[in-house]
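**Student:**
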Amino acid sequence: MFRFILRRLLQMVLAFFGTTLIVYALMFAGQGDPIQALAGERPVTAAQRAYLTEKYHLDATGVGGFFYRYLNYLGGLLRGDLGQSLTGRQIGDILAAAWPVTVKLALIALAVTVLFGVTAGVLAAIRRSGVFDHATLVLTLLVLGIPTIVLAPLAQYFLGVRWPIFPPTAGAQPSFRALLLPGIVLGSLSLATALRLTRTSVTENLRADYVRTARSKGLVRRRIVGVHVLRNSLIPVVTFLGVELGNLMSGAIITEGVFNIPGVGFNLFRGIRTEDGPLVVGIVSVLVVVYLLSNLVVDVLYAVLDPRIRYE
Amino acid sequence: MRVRRLAAWAALPLAVTLGLTACGSGGGSGGASDPDAAVRIEIAEPQHLVPTNTNETSGSQVLSALFSPLVDYDEANKPHEVAAESVTSSDNKVWTIKLKPGYTFHNGEQVTADNYLDAWNYGAYAPNGQNSSYFFEKIAGYQDLQGEKPKAETLSGLTKVDDLTFTVTLTEPYVDFKTMLGYTAFYPLPKAAFSAPGVLAEGYEQAPIGQGPFKMKGSWQHDAKVEVERYDAFPGQQPKVGGVEFRIYQQPTAAYADVLSDNLDVIKTIPTENLSTAATDLGDRFQQSPASSLQVLAFPTFQKEFSKPEVRKAISMAIDRDEITKSIFKDSQQPARSFVSPVVAGYRENTIGTAGAFDPAKAKAMYEAAGGPKKIELSYNGDGGHKDWIDATCNQLKANLGVECVGNAEPKFADLLTKLKQKQSVGLFRMGWVMDYPSMENYLGPLYSTNGSSNYYGYSNPEFDKLLAEGARAASADEAVKKYQAAEDLLAQDLPVIPLRYGQNNFGHSTKVKNVHVDLFDRVDLLKIERA
């Protein structure tokens, strides 16, 4: 087990540098005129252009220029310096400010998913073809059908403005209550998927031989479902949640925008919009680490859930 | 029993989150009845908070609280002295600026002529890379501060006379120089802003020290807010509120939702998608005021098919401006038929004459006679919400001229400009202009003079350049306006761009404030705003 984790961690280092190379190359290839992008529609003076070009080595183009700038970036990275964004802010500072709030938001969304998705999925599976099952089927289809870009403003308008149950926006240092609504909105999509997954998996396992055996031994139904079935049914759900944690952090661009949360999604959006290469590479690299780590946790959880799985 | 245990297990992350967020919850806003409490105004994340480096509205809104300008503009947009005692010149070339005594920076320093000289020299010095350095290009010696290794470090045109007086010598007489002084770039900087002569202290930008009616409260919290509080030693007109919290929003729709529920006091620009309901949502708290922006459709006049003025005129006549401003913009903008905005002195209505009158039949005949292209492309930046009106314009051109017309979205305005600089074919393209200071020259010079900084259409008319130069050298403002108007008449004949719409500030405020005014620069007037 220990060797397995160590090997995975070492692979992670490789994957991390590989990603920075790919993302840096993509940003480099897609780069138009970042100086003008930053200025928007205002004219850029020659002096200002010369200043920024020199400061960020924007005149280094072509393959040679790419490796010059990438190695420059990498050198800074190894010294723990993520570089400066085009507005002159330290990218390390931007990330340090953005990550905590996004992590909070993603954890709330994940909690909502687990709490409601898994529970309702189990209930729907036990009472298959009952009223609850059908109701959740319709509801989840509905939620899956509404994109966040519609759901988020609707939730904000009805639950924030019309009936002020929640604050309409969260801001930079939000309270738990302010983050709850965006968390629910963000989690609702994965909630629906988690519910469907749990339901199918539990339904399947309820018909398994070991359940019949357990029942004929006279075990209480609660124990059969709660321990035997659930444990065996959670593997697909945990796989899904592991990947989803990364998705929730990187995919909150719309939710963070609607509820004014200056997190990772917003900064990623801003970085892409202003062609801020170093900012995008910094954010994406950290996101890759999050994905890799959550997948490692999922793999370890497999062994916990199913003793037959062993890592050497 | 088991299910309950499961629920408990599932609640664990929730509990962890609760613990995490508990430390993050801040205090609520101040009491509504307290007139000295802060008002909350929406801005976007400023790019910079150094006067000579700030050229977007969010940054200049914050700086307008921290600094007091030399001149400000009255109702008719003529300049009057604020921090200056007088701004005078006998020949429009050598200007004498006398400062009012008694102004102090927020750190206690007396404001002297040196503070202005230091700030302007810093702004003009090219290696400092200041965004607004071009504002100093009319001052003598500016050229010596340009390039990678400038010849000089200070502008030769700036001379200190005594502690409260200095003179500015321009390379050429310029009648509107006093008007320029109201811009953000001309604020002074305290000695404390510099770590060495000509070197801005690190961290100054995080908590700028100014000489204005408000001082910083804490420092700039990026992506969150900038807070300022009243500076009691300010000798000028005192504000009626105790402070301002400039709250940073990424999307105006979020700010709008906050204004609706009194979580935010002022939104400066109501998003287009909310405009149709704003009047019912906010009642008389939804307000409009003139803005300086002008939206146009520009022709790449360097391309053969658009080189004939008749073709350009026919296209202009085939567009129903009134209909588009009404149905697409819900009257949040006004139809435009001149090259300068109504907010500047010298504006005349309908200078493009018949080219601005919607007349499909005549337009089609003229277009065919001039041999206009069968296919028209309208290019725009896809990130600015322009698709609707571009499509509507295209439909009108299709119907009225019998041509094929497609809208072409470039991801960003920068991409459009890149293509234009390489003289690639983009068809007609949209442009917007916001003035730097209220003068006709600011609408004409940068956009249409041969070497203008934003002349992307390849328009060049020596006669026009000559009139502009004469206007700048004119002895009085009235004479200058006459020259500028003659120059505008030339544009009306040539029509390098079609004026379409004048902008308006469409702003709203909460029930907690009153007397909200948004000026021509899209800034809330912080001296007038009051708590309700």
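So the protein sequences, as listed, match chains D and L.
Position 287, counted from 1, in the first sequence is what numbering that gives the first Met the number 0 calls 286; the numbers after and before it change by one each time, with no gaps.
Position 440, counted from 1, in the second sequence is what numbering that gives the first Met the number 0 calls 439; the numbers after and before it change by one each time, with no gaps.
Glycine included, each C-beta is placed from N, C-alpha and C at the ideal position.
The structure presented is a predicted model; accordingly, all values stated were derived computationally and were not measured.
For the segment 186 to 210 of chain D, which residues have a beta carbon sitting closer than 7 Å to at least one beta carbon of chain L?
**Tutor:** none
**Student:** Inspect the beta-carbon positions of L:Tyr102 and L:Ala335 and report whether they are closer than 7 Å.
**Tutor:** Taking the second sequence and counting its residues from 1, one reaches residue 102 of chain L at position 103. Taking the second sequence and counting its residues from 1, one reaches residue 335 of chain L at position 336. Result no, Cβ atoms of L:Tyr102 and L:Ala335 do not sit closer than 7 Å.
**Student:** What separation, rounded to the nearest whole angstrom, lies between the Cα atoms of D:Val299 and D:Thr254?
**Tutor:** Against the first sequence, residue 299 of chain D aligns to sequence position 300. Against the first sequence, residue 254 of chain D aligns to sequence position 255. So the alpha carbons of these two residues sit roughly 31 Å apart.
**Student:** Over what stretch of residues does the alpha helix (DSSP H) that includes D:Val263 continue unbroken?
**Tutor:** As a first step, residue 263 of chain D is located in the first sequence; it is residue number 264 there, counting from the start. Here the alpha helix (DSSP H) through D:Val263 covers Val263 to Arg272.
**Student:** Report the neighbours of L:Ser453 on chain D: residues whose CB is nearer than 8 Å to its CB, in chain order.
**Tutor:** Against the second sequence, residue 453 of chain L aligns to sequence position 454. Neighbours of L:Ser453 on chain D, chain order: Pro42.
**Student:** Measure the C-alpha to C-alpha separation of D:Arg126 and L:Asp264 and round it to an integer number of angstroms.
**Tutor:** Here residue 126 of chain D corresponds to residue number 127 of the first sequence, with the count starting at 1. Here residue 264 of chain L corresponds to residue number 265 of the second sequence, with the count starting at 1. One C-alpha to the other measures close to 51 Å.
**Student:** Is it the case that the Cβ atoms of D:Pro152 and D:Val160 are separated by a distance below 7 Å?
**Tutor:** By 1-based counting over the first sequence, the position of residue 152 of chain D is 153. By 1-based counting over the first sequence, the position of residue 160 of chain D is 161. Taking 7 Å as the Cβ cut-off, D:Pro152 and D:Val160 do not qualify as a contacting pair.
**Student:** Answer with buried or exposed for D:Val113, where buried requires no fewer than 16 other C-beta atoms within 10 angstroms of its C-beta.
**Tutor:** In the first sequence, residue 113 of chain D corresponds to position 114, counting from 1. Its Cβ being crowded by 16 or more others within 10 Å, D:Val113 is buried.
**Student:** Does any CB atom of chain D fall closer than 7 Å to the CB of L:Asp387?
**Tutor:** Taking the second sequence and counting its residues from 1, the one referred to as residue 387 of chain L is at position 388. With 7 Å as the cut-off, L:Asp387 does not count as an interface residue toward chain D.
**Student:** State the DSSP-derived secondary structure class of L:Lys177, mapped to helix, strand or coil.
**Tutor:** Against the second sequence, residue 177 of chain L aligns to sequence position 178. Three-state result, L:Lys177: helix.
**Student:** Can you have a look at L:Met215 and say buried or exposed, based on whether 16 or more other CB atoms are within 10 angstroms of its CB?
**Tutor:** Mapped onto the second sequence, residue 215 of chain L falls at position 216. It is buried - the Cβ of L:Met215 has at least 16 other Cβ atoms within 10 Å.
**Student:** On the three-state DSSP scale, how would you describe D:His133?
**Tutor:** For the purposes of this step, residue 133 of chain D is identified with residue 134 of the first sequence, where counting begins at 1. Helix, per DSSP.
**Student:** Report back the beta-carbon spacing between L:Gly211 and L:Ser67 to the nearest angstrom; my notes put them in contact at under 8 Å.
**Tutor:** Here residue 211 of chain L refers to the residue found at position 212 when the second sequence is read from its first residue. Here residue 67 of chain L refers to the residue found at position 68 when the second sequence is read from its first residue. With a Cβ gap of about 4 Å, L:Gly211 and L:Ser67 count as contacting.
**Student:** What are the start and end residues of each continuous alpha helix (DSSP H) run of 4 or more residues lying completely inside the segment 403 to 478 of chain L, in chain order?
**Tutor:** 412 to 420, 439 to 447 and 461 to 472
**Student:** Quick one: what does DSSP say L:Asn399 is sitting in, helix, strand or coil?
**Tutor:** For the purposes of this step, residue 399 of chain L is identified with residue 400 of the second sequence, where counting begins at 1. L:Asn399: helix per DSSP, three-state reduction.
**Student:** Compare the C-beta of D:Gly265 with all C-beta atoms of chain L and state if any pair is closer than 7 Å.
**Tutor:** For this step, residue 265 of chain D is matched to residue 266 along the first sequence. Looking at the sequence itself, residue 265 of chain D is Phe, so the reference to Gly does not match. Closer than 7 Å: yes.
**Student:** Drop a sphere of 10 angstroms on the beta-carbon of D:Arg195, count the other beta-carbons inside from all chains shown, and report buried for 16 or more, exposed for fewer.
**Tutor:** Numbered from 1 along the first sequence, position 196 holds the residue referred to as residue 195 of chain D. Flag for D:Arg195 reads buried.
**Student:** Where do the N-terminal and C-terminal ends of the alpha helix (DSSP H) with D:Ala123 fall, by residue?
**Tutor:** Position 124 of the first sequence, counted from the first residue, corresponds to residue 123 of chain D. Its alpha helix (DSSP H) spans residues Thr118 to Ile125.
**Student:** On the three-state DSSP scale, how would you describe L:Gly381?
**Tutor:** For the purposes of this step, residue 381 of chain L is taken as residue 382 along the second sequence, with counting starting at 1. In the structure shown, L:Gly381 sits in coil (DSSP, three-state: anything other than H, G, I, E or B).
**Student:** Should L:Lys312 go down as buried or exposed, given a rule of 16 or more other Cβ atoms within 10 Å for buried?
**Tutor:** Within the second sequence, the letter at position 313 stands for residue 312 of chain L. Result: buried.
**Student:** So, helix, strand or coil for L:Trp94, using DSSP?
**Tutor:** Here the question's residue 94 of chain L lines up with position 95 in the second sequence. Strand at L:Trp94.
**Student:** Ordered along the chain, which non-local residues of its own chain (more than five positions away) have a Cβ less than 8 Å from that of L:Ile138?
**Tutor:** If you number the second sequence from 1, residue 138 of chain L lands on position 139. Hits under 8 Å: Trp119, Ala123, Leu154, Gly156, Leu157, Val167, Thr168, Leu169 and Thr170.
**Student:** What did DSSP end up calling L:Ser340 once you bin it into helix, strand or coil?
**Tutor:** Sequence index remark: in the second sequence, residue 340 of chain L carries index 341 (1-based). L:Ser340: coil per DSSP, three-state reduction.
**Student:** CB-CB under 6 Å to D:Gly276, same chain, minus the five flanking residues each way: which ones, in chain order?
**Tutor:** Position 277 of the first sequence holds residue 276 of chain D. Answer for D:Gly276: Met26, listed in chain order.
**Student:** Among the candidates L:Val160, L:Asn127, L:Asp330 and L:Leu466, whose CA atom is the shortest distance from the CA of L:Pro149?
**Tutor:** Within the second sequence, residue 149 of chain L is the residue found at index 150, counting from 1. Minimum Cα distance to L:Pro149 is reached at L:Asn127.
**Student:** Measure the alpha-carbon distance for D:Ala251 versus D:Leu122 and round it to whole angstroms.
**Tutor:** As a first step, residue 251 of chain D must be located in the first sequence, where it is residue number 252. As a first step, residue 122 of chain D must be located in the first sequence, where it is residue number 123. Cα-Cα distance, rounded: 29 Å.
**Student:** Give the straight-line distance between the Cα atoms of L:Tyr173 and L:Val93, rounded to the nearest whole angstrom.
**Tutor:** Locating residue 173 of chain L in the second sequence gives position 174, where the first residue counts as 1. Locating residue 93 of chain L in the second sequence gives position 94, where the first residue counts as 1. Cα to Cα, L:Tyr173 sits roughly 9 Å from L:Val93.
**Student:** If the cut is a Cβ gap below 7 Å, which residues of chain L does D:Tyr301 touch?
**Tutor:** For this step, residue 301 of chain D is matched to residue 302 along the first sequence. Per Cβ cutoff of 7 Å: no residues; D:Tyr301 is ~17 Å from chain L at best.
**Student:** Is there a C-beta anywhere in chain D that falls below 7 Å from the one on L:Leu416?
**Tutor:** For the purposes of this step, residue 416 of chain L is taken as the residue at position 417 of the second sequence. Closer than 7 Å: yes.
**Student:** On the DSSP letters alone, give me the boundaries of the alpha helix (DSSP H) that L:Ala277 sits inside.
**Tutor:** Position 278 of the second sequence, counted from the start, is the residue given in the question as residue 277 of chain L. Residues Thr271 to Leu281.
**Student:** Take L:Gly25 and list the residues in its own chain whose beta-carbon comes closer than 8 Å to its own, dropping the five residues that flank it on each side.
**Tutor:** Within the second sequence, the letter at position 26 stands for residue 25 of chain L. Low local confidence applies: a pLDDT of 36 at L:Gly25 is under 50, so the model's placement there is unreliable, with the coordinate-based value given in what follows. Closer than 8 Å at Cβ, skipping near neighbours: no residue.
**Student:** Helix, strand or coil, according to DSSP, for L:Ala335 in the structure here?
**Tutor:** Taking the second sequence and counting its residues from 1, one reaches residue 335 of chain L at position 336. L:Ala335 falls in the coil class under three-state DSSP.
**Student:** Does the CB of L:Ser576 have a neighbour CB from chain D at under 7 Å?
**Tutor:** Residue 576 of chain L lies beyond the range of chain L shown here (0 to 531); nothing can be said about it.
**Student:** In the DSSP output, what is L:Ser288 paired with across the bridge?
**Tutor:** Taking the second sequence and counting its residues from 1, the one referred to as residue 288 of chain L is at position 289. According to DSSP, which records beta bridges pairwise, L:Ser288 is partnered with L:Asn504.
**Student:** Could you tell me if L:Ser306 is buried or exposed, where buried requires 16 or more neighbouring beta carbons within 10 angstroms of its beta carbon?
**Tutor:** By one-based count along the second sequence, residue 306 of chain L stands at place 307. So L:Ser306 counts as exposed.
**Student:** Name, in chain order, the residues that DSSP records as bridge partners for D:Met248.
**Tutor:** For the purposes of this step, residue 248 of chain D is identified with residue 249 of the first sequence, where counting begins at 1. Answer by DSSP bridge pairing: none, since D:Met248 is not bridged.
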